[in-house]
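Numbering-wise, the sequence shown is residues 1 to 61 according to this note's numbering.
Yeah, the Cβ is synthetic: ideal placement off N, Cα and C, and Gly gets one too.
One structure is given below, encoded as structure tokens.
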Amino acid sequence: MIEVTKLNGVKLTINEDYIELIEETPDTVITMTTGRKLIVKESRQEVGNLVKSYRKEVFVK
């Protein structure tokens with residue numbers, strides 16, 4: 001799971017397996033497989049890096 005920050009400063013922990021799409025419009029919008037959309041402070045690249053880092057951590061153990 002990864003931690004992201006909503007525009008109002010609230011931190012969320014989301015399951016990266018349910019991320020369907022990450023886009024910058026210019027805000028970063030994460031669309032989940034459930035259809036829910038989250039607008040976050042992190043850039044598209046940062047969210048991608050968080051997912052990669054988390055998966056490396058999980059699969060290396």
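Can you give the Cα-Cα distance for L38 and V29, rounded to whole angstroms? L38 and V29: Cα-Cα distance of roughly 6 angstroms.
Taking DSSP's pairing of strands, which residues face E23 in a bridge? In the DSSP output, where bridge partners are listed per residue, E23 has V29.
Counting only the same chain and skipping the five closest in sequence on each side, list residues whose C-beta sits under 7 angstroms from that of E20. T31, M32 and T33.
Hey, how far is the Cα of E3 from the Cα of L12? Looking at the two C-alpha atoms, the distance is approximately 5 angstroms.
Given that a residue counts as buried once 16 or more other Cβ atoms are within 10 Å of its Cβ, and exposed if not, what is V60? A residue is called buried when at least 16 other Cβ atoms come within 10 angstroms of its Cβ; V60 does not meet this threshold and is exposed.
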